[in-house]
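In this note's numbering, the protein residues as written are 100 to 222. Glycine is no exception: its CB is placed at the ideal position from the N, C-alpha and C atoms.
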C-alpha cells in the first residue's frame with residue numbers, strides 16, 4: 100500500500116484525509132488478447148500476474164503474462180520467468196531461440212506449411 104496524506108493547503112480548512120492507493124490501481128492489468136475464444140489459460144495465475152496474450156502453435160498453447168512465458172505441449176511444459184531471459188531471437192524464421200541468464204537455452208520450432216489451392220496443405 101501507498102498512503103498519501105492531504106492536509107490543509109493554501110489556507111483551506113478541513114480535516115486531513117488519508118487516501119490508500121494499491122499497486123493494482125497504479126498498474127491496471129492489460130486486456131487479454133486471444134487467438135481463439137476457446138483457448139484457456141493453461142496455468143494457475145499468481146497474485147499480481149496478468150495474462151496478456153494467449154495463442155497456439157504446433158499443438159501447443161502459448162501464454163505470455165507480465166511475469167512469464169508459458170508454452171504447454173501435450174506432455175510437457177516450458178515455463179520461463181521474463182526476468183530470467185537474457186535474449187530472445189527468431190532464427191531461420193521458424194525457430195524461437197531463448198537464452199536464459201542461468202545459461203539455459205530453449206529452442207522452440209515453428210512448422211511452416213505451404214498452402215496450394217488445388218492440393219491443400221503440404222508439409
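Cross-strand partners of residue 92 (DSSP beta bridge): Residue 92 lies beyond the range of the chain shown here (100 to 222); nothing can be said about it.
Take the Cβ of residue 164 as the centre, count every other Cβ of all protein chains shown within 10 Å, and call the residue buried at 16 or more, exposed below. buried
Kindly list the residues whose CB is nearer than 7 Å to the CB of residue 178, restricted to its own chain and excluding five residues on each side of it in sequence; keep chain order. 167, 169
Return the CA-CA distance between residue 194 and residue 125, expressed in angstroms with no decimal places. 37 Å
Can you give me the C-alpha to C-alpha distance between residue 159 and residue 201, rounded to a whole angstrom? 25 Å
How would you write the range of the beta strand (DSSP E) that residue 184 sits in, first residue to last? 184-190
Residue 132 classed as buried or exposed, judged by whether at least 16 other C-beta atoms fall within 10 angstroms: exposed
Take the Cβ of residue 150 as the centre, count every other Cβ of all protein chains shown within 10 Å, and call the residue buried at 16 or more, exposed below. buried
Would you give the residue range spanned by the beta strand (DSSP E) that residue 195 belongs to? 194-199
Are there 16 or more other CB atoms within 10 angstroms of the CB of residue 120, so buried, or fewer, so exposed? exposed
Below 7 Å CB to CB, which residues in the same chain sit around residue 148 once its five sequence neighbours on both sides are set aside? 164, 165, 166
What residue does the beta strand (DSSP E) around residue 207 start on, and which one ends it? 204-208
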